[in-house]
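**Student:** To start, I am sharing the structure in question, which I have written as structure tokens.
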Amino acid sequence: MISDKIKELRTEKGLSQKELAEQIKSTSKNIWAYENNISIPPLDVLKRLADFFDVSIDYLAEREDDFGVVKRESPADKDSEELLSLYRELTPSAQEAIKETIRQLVARQNGATDTGEIK
1 MISDKIKELR TEKGLSQKEL AEQIKSTSKN IWAYENNISI PPLDVLKRLA DFFDVSIDYL
61 AEREDDFGVV KRESPADKDS EELLSLYREL TPSAQEAIKE TIRQLVARQN GATDTGEIK
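Written as structure tokens, this is what we have:
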């Protein structure tokens, strides 16, 4: 039942009903009603719950056996895709120059000099 899944996921995260309500822009009274099978969350609330717990609505409704994890693209993923797209437009020699620059930046960040020596 949806009520059981909401309570299970909330307690796994160590949240109170009030804390969950704040996270999904609802009220603790509503969360209590959902968890006690007094009322069923409307679709917009189900979407917010699924997003917050990173599961599918089908998982909340027990139509799936696993978490049915909804993979959302993070801003970092979008940045990576953009960088990769730009990289692919470069000539092979420009790609090598970019790789070398990145290696130097990583080495510097990790405390090594441009020659690979540790500072």
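No gaps in the numbering here: position 46 of the sequence shown is 46 in the numbering used here, and each next residue is one more. Yeah, the Cβ is synthetic: ideal placement off N, Cα and C, and Gly gets one too.
With C-beta atoms as the reference, is GLU28 less than 9 angstroms away from LYS18?
**Tutor:** Here residue 28 corresponds to residue number 28 of the sequence shown, with the count starting at 1. Here residue 18 corresponds to residue number 18 of the sequence shown, with the count starting at 1. It is Ser, not Glu, that sits at residue 28 in the sequence shown. Cβ atoms of SER28 and LYS18: closer than 9 angstroms.
**Student:** What is the DSSP secondary structure of VAL55, counted as helix, strand or coil?
**Tutor:** Here residue 55 is taken as the residue at index 55 of the sequence shown, counted from 1. Secondary structure of VAL55 (DSSP, three-state): coil.
**Student:** Here's the rule: buried if 16 or more other CB atoms are within 10 angstroms of the residue's CB, otherwise exposed. What is VAL55?
**Tutor:** Residue 55 sits at position 55 when you count from the first residue of the sequence shown. Buried, since its Cβ has 16 or more Cβ neighbours within 10 Å.
**Student:** Is ARG10 buried or exposed, if buried means 16 or more other CB atoms sit within 10 Å of its CB?
**Tutor:** As a first step, residue 10 must be located in the sequence shown, where it is residue number 10. So ARG10 ends up on the buried side.
**Student:** Between the Cα of GLU35 and those of LYS5, GLU96, PRO92, spot the shortest distance and give me the residue it belongs to.
**Tutor:** The residue given as residue 35 occupies position 35 in the sequence shown. The residue with the shortest Cα to Cα distance from GLU35 is LYS5.
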